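Protein chains in written order, with our numbering: chain H, 196 to 673; chain W, 196 to 673.
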């Protein structure tokens, strides 16, 4: 496959130049003092909170970006490295709310929901990485992230992506990870958590806590990457080109910091660029312009030879309707055809605010379609089948030929959720829309393979370490 | 924009070679005798119904394919030429059934439905061409196509695509066109009907009636094009590569015939390739493989320097759910990014069997998104906005800057159907899904600008010519 591009090579280079100019002349406001000290130490100009980046400094550290990034699973069979294994499909994360699978009403998400979601994501074949989908409203004080991570680890062996609030929170989840892994050394050999932050607040500001965390993990040599989140019209120019230029400058600033902390720190050119709907200021993450921004960022990432990805294929819809389908599907496939490596796409509706079980199941099938597209066209003489076409000839049938039998389960996706029945059969089966079928499927999956993936004795140790920790059990839906 | 490709240039050339070999050694069964005579006259080998194509013959006529195709509207402001004006969005057509906009039940479609659909398509900005969406179950005997065309002309000034059954049917619609245009000469100067057939029945068979019609219109110099419809696993090999090779051979056969009839006849490389779901033999027009086939055919069309298009972005769903959204959206945007010029995409569900008003409105908004994608990224120094980014600086806001105000209505699509409200506001507005909103929008549009677009005296002449013709009136939905 060769990728679709929205920018010429000349335009890519112009954006790089524009970013260098922005970094050199405007620079960033950096709120975290140790970051400022590090920038200064490595050649940036620092005046109060403002850090300006001479282009030679940016270019020096740019040469150190590694070309790949690995997500480790607790079970190494789930390890994924991008760009090699792309497209890698990640759940979209940190929604405060959930559509209750019984009542259908929106409510705050809790740790028990995370157990169910972790199990579902572990079972669904389209997902590669579980980025913890919701917050946990029942988290005890001081266990904000522990309450999300424990149910995730209890039911999911795939790589887990997690964020934290402050260093205390960060150290607590590392303690949990070490216990689950059987010690710090074992964990560091195969760090099954990938840490994620948004250290840059657009426009051009590096915050305190997220920056501190990114620096910490880079220093520790543990997997971490930042996402850049400009919103055209509000926090970046109301032009896709300008938002690419500013976002690219912000990526370069974060990436430079990571390389200054530790040369060769793996990273991802990760983005959540949007264009605001200026009628209301709405966050239009379902807009096609969000897909276009990601396509452009993917080109910039290729220019820098780093893996890329981001929050693409989100929807503004409040439920699983056609809008949710086309908003996710259009930008999702645009990302695949633009060469994005990682997609934070699964399970959320209402512009990242709400998790929905049926949406997670539907997005899984979309993920399989995206992977089918990326796999492309098998091409050799057997696939081209010229002799077969001549043999069957005008008016013949291919149905029972061995060439057909051999490929009928692999050439096309045999969809589980998409309905292809005749209308009369579909009616006999209950005339359900895909939302209803997907919710049923979610419930089926939740009732299977329900054993916890953390041994009882390890859970005991965790409970001793974190008194009052949430149960994290997989409760059946009823 | 540079397009995504699934085939290398070498593979494109291999497919062309494979097609020549198929045409030379297997050839086509041609049921229409005058077509066989023409093929023979121009150098093909004809034995009974079998026609074999020496490669020199195919290559000779391939050199005559014109690089563009024009759809004329009754109002010339709606004229569209591909590839220049691409993507051109066409309704998908000829569904026998419709979802009744009042009862929500599926039933046979009638001529009154076509009047409503024609008016809707005339008003919706995303549609460029009205391919008559349904059949008319109330058509009087011998007025099969007249009953579909008259309501279409009465309420739509955009280019109309139409098919016919036999030559009698064909001559009747031309008579209607001449009367509406004010005479044959006036019509021929600006032929607002585009004729469409599927003369090739896969594998490798040319039928009688459609072939006769294609030859007739090519001879007359009136706009006509054929669509090639292989279905992998049933009527072509169960491999995308093989289905591209066979379909390409079938296209070359039809295109060769058209050039033999009249050198330089404009055409479109039009396709409806699918991969069958072999669990049931279901027609999987919503599968992502359908999108992939079209992407490959678009590459073949570019190799031949002819405009391309087809039935892409169809859905197997029985209603407007998330499946309908993502099936239409994923293949639709894949087609845009692969450089397809024409999309037969609008208004149908259930794999071309059923028209739905809400789907037509939803597809219109998707069409606008596809066009936005194709428009790409405006790129100049003002769009790049480096000085603006430096001026606003770290922590600033772009909201009220003139650069933002100037672009806020044009940089991103201000969606009409996609909901971007906060959940509480969405609930206050009735908590509707996009299906409900789109149906309301369809009803609103149907109540506006309801004047017929055929003058009363012209309708009188038509009624005199075609006694018993359907009323073709725009009846309000109630």
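Where is the CB? At the ideal position from N, CA and C, for every residue including glycine.
Since the model is a prediction, treat every value here as computed from it, not as a measurement.
Check for me: the alpha helix (DSSP H) holding residue i runs from which residue to which?
i, result
"residue 651(W)", "651-660"
"residue 630(H)", "629-641"
"residue 438(W)", "435-456"
"residue 599(W)", "597-602"
"residue 619(H)", "618-623"
"residue 269(W)", "Unbroken run through residue 269(W): none, as it is neither H nor E."
"residue 249(W)", "No alpha helix (DSSP H) contains residue 249(W), which DSSP labels as neither H nor E."
"residue 585(H)", "581-587"
"residue 356(H)", "It is not in any alpha helix (DSSP H) - residue 356(H) instead sits in the beta strand (DSSP E) that spans 355-357."
"residue 209(W)", "204-220"
Compute the Euclidean distance between the alpha carbons of residue i and residue j, then round it to the nearest angstrom.
i, j, result
"residue 317(H)", "residue 542(W)", "37 angstroms"
"residue 639(H)", "residue 671(H)", "10 angstroms"
"residue 642(H)", "residue 673(H)", "11 angstroms"
"residue 538(H)", "residue 340(H)", "23 angstroms"
"residue 430(W)", "residue 384(H)", "53 angstroms"
"residue 280(W)", "residue 536(W)", "8 angstroms"
"residue 566(W)", "residue 489(W)", "18 angstroms"
"residue 464(W)", "residue 507(W)", "13 angstroms"
"residue 675(H)", "residue 516(H)", "The first residue shown for chain H is 196 and the last is 673, placing residue 675(H) beyond what the model contains."
"residue 290(W)", "residue 526(W)", "20 angstroms"
"residue 477(W)", "residue 615(H)", "6 angstroms"
"residue 397(W)", "residue 593(H)", "11 angstroms"
"residue 265(W)", "residue 285(W)", "13 angstroms"
"residue 487(W)", "residue 530(W)", "8 angstroms"
"residue 585(W)", "residue 269(H)", "45 angstroms"
"residue 451(H)", "residue 460(H)", "10 angstroms"
"residue 447(W)", "residue 422(W)", "11 angstroms"
If I'm right that residue i touches residue j with Cβ under 8 angstroms, what's the distance once you round it to whole angstroms?
i, j, result
"residue 327(W)", "residue 342(W)", "Not a contact, Cβ separation roughly 10 angstroms."
"residue 603(H)", "residue 473(W)", "4 angstroms"
"residue 296(H)", "residue 552(H)", "5 angstroms"
"residue 562(W)", "residue 470(H)", "In fact, because the Cβ distance is near 19 angstroms, the residues do not count as touching under 8 angstroms."
"residue 456(H)", "residue 233(H)", "7 angstroms"
"residue 521(W)", "residue 442(W)", "Going by Cβ atoms, the distance from residue 521(W) to residue 442(W) rounds to 25 angstroms, so no, they are not a contact pair."
"residue 306(W)", "residue 333(W)", "6 angstroms"
Which residue comes first and which comes last in the beta strand (DSSP E) that contains residue i?
i, result
"residue 229(H)", "From DSSP, residue 229(H) is part of no beta strand (DSSP E) but of the alpha helix (DSSP H) over 228-236."
"residue 503(H)", "503-505"
"residue 292(W)", "292-294"
"residue 539(H)", "537-541"
"residue 365(W)", "Here residue 365(W) belongs to no beta strand (DSSP E); instead the alpha helix (DSSP H) covers 362-376."
"residue 388(H)", "388-392"
"residue 324(H)", "No beta strand (DSSP E) contains residue 324(H), which DSSP labels as neither H nor E."
"residue 566(H)", "Not the beta strand (DSSP E): residue 566(H) falls in the alpha helix (DSSP H), residues 552-570."
"residue 275(H)", "275-277"
With a threshold of 8 angstroms between beta-carbons, can residue i be considered close to chain W, or not?
i, result
"residue 423(H)", "no"
"residue 354(H)", "no"
"residue 446(H)", "no"
"residue 284(H)", "no"
"residue 220(H)", "yes"
"residue 495(H)", "no"
"residue 330(H)", "no"
"residue 598(H)", "yes"
Checking contacts by CB at 8 angstroms: is residue i closer than that to chain H?
i, result
"residue 581(W)", "yes"
"residue 635(W)", "no"
"residue 630(W)", "yes"
"residue 587(W)", "yes"
"residue 545(W)", "yes"
"residue 321(W)", "no"
"residue 207(W)", "no"
Mind listing the chain C neighbours of residue i? Cutoff is C-beta to C-beta under 8 angstroms, in chain order.
i, result
"residue 259(H)", "In the displayed structure, chain C is absent; the protein chains listed are H and W."
**Report entry** Residues of the region 508-530 of chain W whose Cβ lies closer than 9 angstroms to any Cβ of chain H, in chain order
**Finding:** 510, 511, 512, 513, 514, 515, 516, 517, 518, 519, 520, 521, 522, 523, 524, 525, 526, 527, 528, 529
Report task. Using a Cβ-Cβ cut-off of less than 7 angstroms, list which residues of the region 548-567 of chain H approach chain W; keep chain order. Result -> 557, 561, 564, 567
Query raised in the report: Quick one, which residues of the region 231-257 of chain H are near chain W if we go by CB-CB under 8 angstroms, in chain order?
Result: 245
Query raised in the report: Going along the region 432-460 of chain H in order, which residues come within less than 7 angstroms of chain W, judged by CB to CB distance?
Result: 432, 433, 434, 435, 436, 437, 440, 441
Query raised in the report: Which residues, in chain order, does the region 365-385 of chain H contribute to contact with chain W at a C-beta distance below 7 angstroms?
Result: Listed by position along the chain: nothing, the set is empty.
**Report entry** Cβ-based contacts, 7 angstroms cut-off: residues of the region 382-413 of chain H near chain W
**Finding:** 398, 399, 400
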